[in-house]
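For reference, the structure is listed below as structure tokens.
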Amino acid sequence: MRKLCSLLLILSACLLAACGSSNQSSPAASSNTPPPEPSPTSLKAVDWDNFSYTSTCYGNTQPFMTHNGKAENKFIHFEIYQPVSFGDLTGDGQPEAAVRYSCTGADFGGVHVLVYSGTASHPTLLGELPLSGKNEPEEKWSVEKVSIANRIIQMSGSGYSATAPHCCPDLHIDAAYRWDGKHFVSTQFKTTPIATG
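Here the sequence shown stands for residues -17 to -1, 1 to 180, numbered as in mature numbering (1 follows the signal peptide of the UniProt record, and there is no 0).
Okay, structure coming up:
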């Protein structure tokens, strides 16, 4: 019986010694492991009020260097609106930025959205919304709210029917888009008459 107890004590001591030696070598092994690479700086770090934009206001592509959210180029006034909306549209785990803006020349062209991807040090224009087309008369509505969730950008605002005067929007518009890897695709475009009374 004594031999069995002695044998068990020796085995226990060996196991404890083996566990202790592996714990002692563990910090040395982890100190040789390179630290994970830092993720790129988010677009949330960009000062969107003081940024160089390119827009196709009134059909011509032009640069606009904003100062406190406003710029002017060739008598066209450019303005951005806060808040900027953020969310992952491309599926890369990094947030895209959706910036509402307007261009005003001889008249008001509505509020539209510029969508940027990339990093704070290298933002890239992904696209402009709303899309133009016969189902979405982009020049006839202004985006008032933007949200991004589940890789979909949703926008709502006010717009004009074919008979509405320019002073008085008569439609509430809801639109949604997804990024297909090359361009934005419309997933929803709905108009609802605004009740007057």
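All residues carry an ideal CB built from backbone N, CA and C; glycine is no exception. This structure is a prediction, so every number in the text was calculated from the model and none was measured.
Excluding sequence positions up to five away, which residues of its chain have a Cβ less than 7 Å from the Cβ of residue i?
| i | result |
| --- | --- |
| Ala103 | Thr24, Ser25, Leu26, Ala28, Val29 |
| Asp71 | Gln77, Pro78, Glu79, Arg134 |
| Leu130 | Before going further, note that residue 130 is Ser rather than Leu in the sequence given. These residues qualify, in order along the chain: Ser68, Gln137. |
| Glu62 | Gly52, Lys53, Tyr84, Ser85 |
| Asp163 | none |
| Gly42 | none |
Can you give me the start and stop residues for the beta strand (DSSP E) that residue i sits inside?
| i | result |
| --- | --- |
| Cys86 | 79 to 87 |
| Pro106 | 105 to 112 |
| Gly140 | 135 to 142 |
| Phe58 | Careful: Phe58 lies outside any beta strand (DSSP E) and carries neither H nor E. |
| Trp162 | 154 to 162 |
Name the residue from the options whose alpha carbon lies nearest to the alpha carbon of residue i.
| i | options | result |
| --- | --- | --- |
| Gly92 | Cys40, Lys128, Tyr143, Pro78 | Cys40 |
| Ala81 | Asn56, Leu109, Gly88, Ala54 | Leu109 |
| Ser125 | Pro113, Ile136, Ile131 | Pro113 |
| Gln45 | Asp32, Cys86, Gly74 | Cys86 |
| Ser38 | Val96, Ile156, Ala132, Asp157 | Val96 |
| Ile156 | Ile177, Asn51, Asn56 | Ile177 |
| Ser139 | Val94, Val98, Asp32, Thr179 | Val94 |
| Cys150 | Ser115, Phe47, Asp90 | Asp90 |
| Trp31 | Tyr99, Leu154, Ala132, Asp153 | Tyr99 |
Taking just the CA atoms, how far does residue j sit from residue i?
| i | j | result |
| --- | --- | --- |
| Ala145 | Phe34 | 36 Å |
| Ala11 | Thr49 | With a pLDDT of 44 at Ala11, under the threshold of 50, the predicted position of this residue should be treated as unreliable, though the coordinate-derived value follows. Each residue's alpha carbon lies about 52 Å from the other. |
| Thr174 | Ile59 | 29 Å |
| Ser141 | Gly88 | 20 Å |
| Gly74 | Glu127 | 25 Å |
| Val67 | Gly101 | 15 Å |
| Lys165 | Lys57 | 32 Å |
| Thr107 | Val168 | 19 Å |
| Ala(-5) | Ala132 | Because Ala(-5) carries a pLDDT of 48, less than 50, the predicted location of this residue cannot be relied on, and the following value inherits that uncertainty. Taking the straight line joining both Cα atoms gives about 57 Å. |
| Pro152 | Phe47 | 28 Å |
| Ala147 | His105 | 42 Å |
| Leu154 | Gln65 | 23 Å |
Strictly by DSSP, which residues pair up with residue i?
| i | result |
| --- | --- |
| Thr37 | Pro46 |
| Ile131 | Ile136 |
| Ala54 | Phe61 |
| His95 | Tyr84 |
CB-CB under 6 Å to residue i, same chain, minus the five flanking residues each way: which ones, in chain order?
| i | result |
| --- | --- |
| Lys123 | Gly142, Tyr143 |
Which residues in the same chain as residue i place their Cβ atom closer than 8 Å to its Cβ, once the five residues preceding and following it in sequence are excluded?
| i | result |
| --- | --- |
| Thr170 | Ile135, Ala159, Tyr160, Arg161 |
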